[in-house]
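Note sheet for the following structure.
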Amino acid sequence: MTNIESTRYTNVCRVAVFIPLRQSFDYLIPDHFHRYSIQPGIRVLVPFGRQNKIGVITHSKIHSSVNRKRLKCIKTVIDGKPLFNHSDLHLIEWAARYYHHPIGDVMSSALPGLLRKNRAAELPAETILCLTPQGEAISLDSLKRAPRQQELIKYLQATPARLSSTKALNKSGIQWRGCLSPLIKKGLVIQEKQIPDCESSSTVSSLPLSLTTAQQQAVDTLLENTHQFGVFLLDGVTGSGKTEVYMQLIQKVLNQQKQVLVLLPEIALTPQLEERFRARFPVSIGLYHSGLTEKDRCTHWLQFQQGITSILLGTRSATFIPMSQPGLIIMDEEHDPSFKQQEGFRFSARNVAIRRAQLLNIPILLGTATPAIETLHNAQTKRYQHLKLPARAGNSVLPKLKLLDIRNLTMHSGLSEALIQHIDKTLSQNEQVMLFINRRGYAPAYMCHQCGWVARCPRCDANAVVHIDQQRLWCHHCGSNSGLPKKCPACHGIKLEALGVGTERVEKFLQQRFANARTARFDRDSIPSKSTLDTLLSAVQNDEIDILIGTQMLAKGHHFPNVTLVCILDTDQGLFSTDFRAAERLAQMVIQVAGRAGRAEKFGQVILQTRQPDHPLLLTLINHGYSRFAVNTIQERVQAHLPPLSYQALFRTKSTNQASGLHLLQQMRTELEKITDEILVLGPVPAPMEKLAGQYRYQLLLQSSQRKALHHCLNRIIPYISTLKISKLVRWSVDIDPIDLY
């Protein structure tokens, strides 16, 4: 290449623009921009069509294949230094390729909402009032005629550093605003902006516990590998002390002046873990989840990115947050489906976190009592190192699981009389009871006994759910709602009845049956905010609640020492699904819920109400535990050539016209048959819920025993879709490694 050609293309960079297109774009770097400021990882404002868009530079000083005359110039450089380093960008580009998702959308997802806009990536500063030397020396008597000025000077003179934030002044009750200006004019006080230090515990109130032999072996194994990549599965029964293993490992990493990223499946798990971490570690701890304000999310993101925060607790969205001093990644409850994004950028936080640890050359620890079948298979094939905690820590023992056959029994709002007696006995011993039913609302159906009419969602193929407290019918899929009718809209009859059981109905029955017991419901309807959840969890810990009723929110990771009876009201719900993962999810749910019982020194028991007491899955769990179930499941998957022994990609379509999505997938199938015969193509078929939110949905499943062959096929079929006219009338998506065929 000649010097002229080289000069022509050296001032070009590649930008991942925050738009849903599956490519990056090349832009000219204007001559008046300093070359050192144009680095990969910084945000820029670029012209795109008739608008200006935000993007992140992925490569600088590139040789573009696009004619220079067609290239546009960057308008603004937003950041003075990169938000993402080379490793971060490598991860984002890998994720975009692997999940076949627009790179600009992936890049945008890796940022907090405020940084997706044209605003500086700066930590919020607070206003500080500081005494000048004259202010420190002045006599308070000289300010007698200005009592408010005197009060402020007295307050500042009493502070150790002779300064105070305006935030602290507001809490003090001093009326300082009106007197600040004259004090500044007198040269007694100055006003400055200062970035506040992260909050950290000044005292350690929790000391490391003595470890069991198995716990110590797990810690020692990890410590031998802290300076290199490795995936470690910490497979410990509920109550085995996985969190203590986490904390002792974290302390070792902190001693090396490195950071730790802890990923959790649900916001509900953060309060207890945050409290334990703050009691143990005198360092700054950040949080990152959807329950925070946009401002707080941005602050915590930047603090971890800049190395100000040592530990970050976050949900799925925290997976991409940059680490300035990476040391360790921990994923608690790694099996949880919440770690897979189900809309938009459909990534698996577990897989991305593992890839990230590999790029950073640090270990990642996956903790759970019920490993995902894919994870367990990787451990069996030695891709992951398998660490086991087979017994509970301390003096607690695993609770006994018992099947309660409810065939031909009279039920009271989902509870059998035998179960009610168990509850009564537990309460009489001043112990707590937890009831699990994974269904919100009062009842899942509302029916007329005169004509058979059933309340349906007008926009979905689903029944409307009764919510008695609100006197409304709600669709739990699209959010449509209406008032609870007193007369049947079909025959005008008045014999209307709520059928089935939800958390609300169970709560009302128990409040009547056990009038003196204090009940609390844990579901999205009753817990609108993190503060409400914190209050309820604290009440449980303080024995201010006797009966807990809840959904999945209660099943994960909580430590309730005085809960000795756990009841699963509708165990059979997951036994008859067409999804091959349904049995795995049911087994995980049973073991996780059961794990809430008897976590202290008191003996716990778990009762599973069922009409299928002879079902092989339930008998395996009761008699042999989750590990035997998992071994059997892997063998079944091998025989059926299902994941993890094969790899899948699921195409979904949504359209207001019932035929459009089906037609698109049919054309794709025809093209796929031309492209390859190495891929198993299933469908197109209607989704299990064909109509959702007024859209008709269809699916096409691709499966291969070779991951490379599957992705090679996807690389050819996805560009083909955009050439089809009908694709403009249909919303379509591709889900790599789908965990739900919904």
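Here the sequence shown is numbered in my numbering, starting from 4 and rising by one per residue.
Built from N, CA and C at the ideal position, the CB exists for glycine as well.
Model, not experiment: these values are computed from the prediction.
- Between the alpha carbons of Ile497 and Glu337 lies a distance of about 49 Å.
- The beta-bridge partner set that DSSP reports for Asp238 consists of Thr371, Lys391.
- A direct Cα-to-Cα measurement between Lys78 and Pro43 gives close to 16 Å.
- Beta-bridge analysis with DSSP links Pro366 to Gly233.
- Where Lys694 is concerned, the enclosing beta strand (DSSP E) starts and stops at 683-695.
- DSSP, reduced to helix, strand and coil, places Arg700 within a strand of the structure shown.
- Going by beta carbons, Pro340 and Ile637 fall outside the 7 Å limit.
- Taken through DSSP and simplified to helix, strand or coil, Ile314 comes out as strand.
- A straight-line Cα-Cα distance of about 25 Å links Tyr745 and His380.
- When C-alpha distances from Ala149 are compared across Lys189, Ala171, Asn121, the shortest belongs to Lys189.
- A straight-line Cα-Cα distance of about 43 Å links Arg508 and Leu214.
- Under the DSSP definition of a beta bridge, Arg524 partners with Ile552.
- Taking one beta carbon from each stretch, the region 546-558 and the region 460-471 have fewer than 3 pairs nearer than 8 Å; the two do not touch.
- Collapsing the DSSP output to three states places Pro185 in a helix.
- DSSP places Leu513 in the uninterrupted alpha helix (DSSP H) bounded by 506-516.
- Residue pairing of Met450 in beta bridges, as defined by DSSP: Val457, Glu500.
- With at least 16 other beta carbons inside 10 angstroms of its own, Asp29 counts as buried.
- Taking Gln670 as the centre and dropping the five residues before and after it, the same chain places the C-beta of Leu727, Ile729 closer than 8 Å to its C-beta, in chain order.
- C-alpha of His452 to C-alpha of Gly503: approximately 14 Å in a straight line.
- Partner residues in the beta bridge of Trp735, as assigned by DSSP, are Thr656.
- The continuous beta strand (DSSP E) containing His470 extends over residues 468-470.
- The three-state secondary structure of Ser145, taken from DSSP, is helix.
- Per DSSP, the unbroken beta strand (DSSP E) holding Pro329 starts and ends at 329-335.
- Secondary structure of Lys120 (DSSP, three-state): coil.
- Taken through DSSP and simplified to helix, strand or coil, His89 comes out as helix.
- A straight line joining the alpha-carbon of Ser419 with that of His104 spans about 49 Å.
- Going by DSSP, Asp108 is part of the alpha helix (DSSP H) stretching over 106-112.
- In the three-state reduction of the DSSP assignment, Val256 falls in the helix class.
- Look at Asn381 here: in three-state DSSP terms it is helix.
- Here Thr659 has Gly697, Gln698 as same chain residues with Cβ atoms under 7 Å from its own Cβ, once five neighbours each way along the sequence are excluded.
- Judged by pairs of C-beta atoms under 8 Å, the region 522-540 does not touch the region 483-496, as fewer than three such pairs exist.
- Annotation for Leu621: the continuous alpha helix (DSSP H) segment containing it runs 619-643.
- Per DSSP, reduced to three states, the secondary structure at Lys174 is helical.
- Boundaries for Glu346: no beta strand (DSSP E) harbours it, and the DSSP string shows neither H nor E there.
- For Leu589, the enclosing alpha helix (DSSP H) covers residues 585-597.
- Gly138: not part of any beta strand (DSSP E); member of the alpha helix (DSSP H) spanning 136-140, first to last residue.
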